[in-house]
Each structure stands twice: as C-alpha cells, then as structure tokens.
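Line by line, the protein sequences are chains A and B.
Taken in order, the first sequence gives residues 1 to 165; the numbers are from this note's numbering.
Taken in order, the second sequence gives residues 1 to 165; the numbers are from this note's numbering.
Heads up, the beta-carbon is just placed ideally off N, CA and C, and yes, glycines get one too.
Each remark here refers to the structure printed beneath this line.
There are 2 protein chains.
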Amino acid sequence: MSTMFYDPAGFTSRTSLGYLLKMAHAQMHSCAERIFAQHDISFVQWIALLKLREGQALTASDLCRSMCHDNGAVTRMLDHLEERGYVERRRSRQDRRVVELRLTEAGEHKLDELLPQVVARLNEVLNASGFSEAEFAELTHLLNKLLTGLQAHNALPEPGIGDST
Amino acid sequence: MSTMFYDPAGFTSRTSLGYLLKMAHAQMHSCAERIFAQHDISFVQWIALLKLREGQALTASDLCRSMCHDNGAVTRMLDHLEERGYVERRRSRQDRRVVELRLTEAGEHKLDELLPQVVARLNEVLNASGFSEAEFAELTHLLNKLLTGLQAHNALPEPGIGDST
DNA sequence: CGGCAATATCTGCCTCGGCAAATACTGCGC
DNA sequence: GCGCAGTATTTGCCGAGGCAGATATTGCCG
C-alpha cells in the first residue's frame, strides 16, 4: 500500500526532497533576483502582479492563498506596490471588509517589461542545465503533483499524531 | 540549439518553475517544521547536523556552501547549536582562521531521534501525493539536474548582460 | 436591534537570511 | 620580518516573512 521511498538507514541530505527543494528554490530565487536588482520590485512582487492580471487573485487574501504568503507580508507588499503605483486598492461596496485589488497601467507595463526577461532567463537556465522538453514537462508535472499532495497534507490539522480515528 | 521552454505569450504563474519551486519549498518547509515545532532545533539546523555527520562539512564555510546559506546566518545557527550542546567549535591548529566543527554525543542523539520522523513524514507526503517509485526517482533526478545547472549559472559573474566577448 | 462567530485586513513583535564591514589569520613576495 | 592579497569567521544593519492580536465588517440567530 504505502511505499518506502526513504529508509532511515540510507538517508542522506543530498537525496532528500526537502533539501533539494530548499536548494533549488534558493538558487532559482537568487537567479531571478538578478533580473530584479535593477528594478523597483522584487521577484515575489512581480509574481503578485502576474497573479493579479491572471485574475487568480482579486483580493489580498486571494494573494495569500495562491502564493503561500503570510497575511502581514502581503499587506506590506501591497503597500509597496501601491506606493510605486503598480496596484490600486479599493474597498469593495458589497463587502466593506475586502479590498479589491486592481493592476494599474503602470503595473501592466512593468509586468510586460519584465516578462520577456524572466522567460529568457528561465529558458537560459533550463538549456544550461541540459534539459530536454520532455524532462522539463516531466519536472513541471511532478512538482505540481507534489505541490498538490503537500497542500492537502498541510491542510490536515495534526497529521500523523492523534488522527487514528 | 536552445529550446524555448517558455514563451512570453503563454507564460502563467502556475507553470513557472520559479513559482513552483517557491511553493513546493514553502509547503515542504512548513510540513517539516511541524515535526520540529516540539524540538529545540529547526529543520535547517537539523540538516546542518546531518551534513556534519555525513562529513560533507567540517567547517562553517563548508556548511555555507553545501547549504546555500549565508555566512552570518551560519555563524548564528552554530551559536544556537553550540548553546544547545549539539556541536562543538574548536579552532584548528593548522589554520587558526578555521573553526573545526564536531557533532557532540547529544547532537548525534538528536539527529537519530529525528531521523525516523523526518523519513516517515517524507514517505507519508509522497504516498499521499500519489507518487510511484519511478516518479519519485525521476523528480529527485531532475531536481538534482536543475540544481547543478542553476549553481553553474549563478556562478557566472553577470550572466547575459555584458559578456558578449 | 443586539450578541456572536466568522472573515478580511492591518499592525506590532520576533526571527532569520542577505549584505557589507570588521577582525583574525595564512601564505607569498620582498 | 613586513606588507599585502586572500580566506575564515564574526558582527551589525536591514528587509522580509511568520505569528498573534487588534480592528472593522458581515451574516446569522434570537
């Protein structure tokens, strides 16, 4: 039923998914930040703009959820983006608790300005890493699969402790 | 020669490797931290102990490199681990700049105490995500491949800007 | 309407990582 | 030995995220 992917005896850091993800993320992040060093927003903030345009997030909490980001951090990020004039906040009329977010012209522009650079950088890295299209597709697929499983797993209140019912 | 993995036109956050890695890492991290919440060290610190025992890191700079971690952060992490009595620092006699790190008995014990829990949690998540052994092996392989490429890419001084020579 | 749980957002506090400067030491050339 | 470039480590500073509490608002129930 359940597969033993890892065994305590032969467990090494270099083969551990947690470690690999941490490293890959760190390297990818610093790789991406190189592009954004010359701009007034960060990679994460750019992703937020992208999410807004994609319509995946209309409010701050949407952004929190779809980006695995903290509430407070999102508030401050939006402050930043609003100062720069890339997004607008407007209290909803229907529900005055929520703040509707909207990408401004400048935000759209910033997004489009950076899009080709990000894409180029990603392609560059994948080529340099010697990926084939099939491998790339497979990696994307598997990461999505893992992500879905992780999200489900983390949604459980106290996994593997007192849930023997 | 170079493959176009991404195209500016059809680029979405949910298919972007940067985004996927960020999300997967965040979820994996919070998943792992659940185990460590009841202990006096964090997941990252545990990895450091593991690296020490594996012999992959004998000094602080070794740890920095092999964990993609900041110099200062490692110093403070070692302060923490030393306070807890899990590692010992000793100035090298050969080169008095370097600090030799050594896992203490307590450190070994802590490592062994947590190892099965970490392994179990990883297996749990992978099973819940519906991974086959082959898929798991493939994911590990592809992540390693990407990581190697990223490290090489990031080692370059100013990639893709002024290096037309 | 008034109480009350739930939700959205914001704020303050804390920790941690990234960065740069400072310190200590080595090895090399003079 | 002395100066100097290079390396290992430490420290201070800053920005960002996690977490808990505060505030504002809604919807529900009586």
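For residue i, the nearest candidate out of the options (CA to CA)
i: A152 of chain A; options: B:Q27, B:L17, B:M1; result: B:Q27
i: A155 of chain A; options: B:E83, B:V98, B:A128; result: B:A128
i: D95 of chain A; options: A:G149, A:T59, A:E105; result: A:T59
i: G130 of chain A; options: B:L50, B:Q56, B:L52, B:T148; result: B:T148
i: A37 of chain B; options: B:Y6, B:L114, B:H141, B:F5; result: B:L114
i: V98 of chain A; options: A:T75, A:V119, A:M1, A:R53; result: A:T75
i: E100 of chain B; options: B:A57, B:L50, B:R34, B:E33; result: B:A57
i: S66 of chain B; options: B:S13, B:L49, B:L81, B:H80; result: B:L49
i: K110 of chain B; options: B:I47, B:L142, B:S61, B:H69; result: B:I47
i: R53 of chain B; options: A:S2, A:L20, A:S13; result: A:S13
i: E108 of chain A; options: A:F136, A:Q45, A:N71; result: A:Q45
i: K145 of chain A; options: B:M23, B:N144, B:S61; result: B:M23
i: C68 of chain B; options: A:D112, A:L78, A:H25; result: A:H25
i: A9 of chain A; options: B:R93, B:T140, B:D62, B:D112; result: B:D112
i: M1 of chain B; options: A:M77, A:S61, A:L78, A:S132; result: A:S132
Bridge-paired residues (DSSP) for residue i
i: R96 of chain B; result: None, per the DSSP bridge assignment.
i: R121 of chain A; result: R121 of chain A is not bridged to any residue.
i: R102 of chain A; result: A:E88
Own chain partners of residue i with C-beta closer than 6 Å, once the 5 adjacent residues on each side are dropped
i: R102 of chain A; result: E88
i: T39 of chain A; result: It is worth fixing the name first, because residue 39 of chain A is His in this sequence and not Thr. Contacts found: none.
i: L20 of chain B; result: none
i: T3 of chain B; result: none
i: G18 of chain A; result: none
Cβ-based neighbour list, residue i, same chain, cut-off 7 Å, excluding 5 preceding and 5 following
i: A73 of chain A; result: none
i: L150 of chain A; result: none
i: G85 of chain A; result: T104, A106
i: V125 of chain A; result: C31
i: P116 of chain B; result: none
i: G55 of chain A; result: none
Three-way DSSP call (helix, strand, coil) for residue i in this model
i: R14 of chain A; result: helix
i: R84 of chain B; result: coil
i: G160 of chain A; result: For G160 of chain A, the predicted model reports a pLDDT of 43, less than 50, meaning its position is unreliable and no value from the coordinates is stated.
i: A58 of chain A; result: Note that residue 58 of chain A is Leu in the sequence shown, not Ala. Residue state, collapsed to three classes: coil.
i: Y6 of chain B; result: coil
i: M1 of chain B; result: coil
i: Q38 of chain B; result: coil
i: S30 of chain A; result: helix
i: G107 of chain A; result: helix
i: Y19 of chain A; result: helix
i: S66 of chain A; result: helix
i: G130 of chain A; result: coil
Delimiting residues of the alpha helix (DSSP H) encompassing residue i
i: V152 of chain B; result: Residue identity differs from the one stated: residue 152 of chain B is Ala in this sequence, not Val. Taken as a continuous stretch (DSSP letters only), the alpha helix (DSSP H) holding A152 of chain B covers 133-155.
Residues near residue i in its chain [Cβ-Cβ closer than 8 Å; skip 5 each side]
i: A134 of chain A; result: none
i: I35 of chain B; result: F43, L114, Q117, V118, R121
i: R91 of chain A; result: V98, V99, E100
i: H80 of chain B; result: I41, Q45
i: C64 of chain B; result: D70, N71, V74
i: S16 of chain A; result: Y6
i: F11 of chain B; result: none
i: E138 of chain A; result: none
i: F136 of chain A; result: L126
i: E207 of chain A; result: Residue 207 of chain A is absent from the structure shown; chain A starts at 1 and stops at 165.
i: E33 of chain A; result: S42, F43
heavy atom of the ligand SAM below 7 Å from residue i C-beta
i: L17 of chain A; result: Absence of the ligand SAM from the depicted structure is noted, as is the absence of any ligand whatsoever, leaving it without description.
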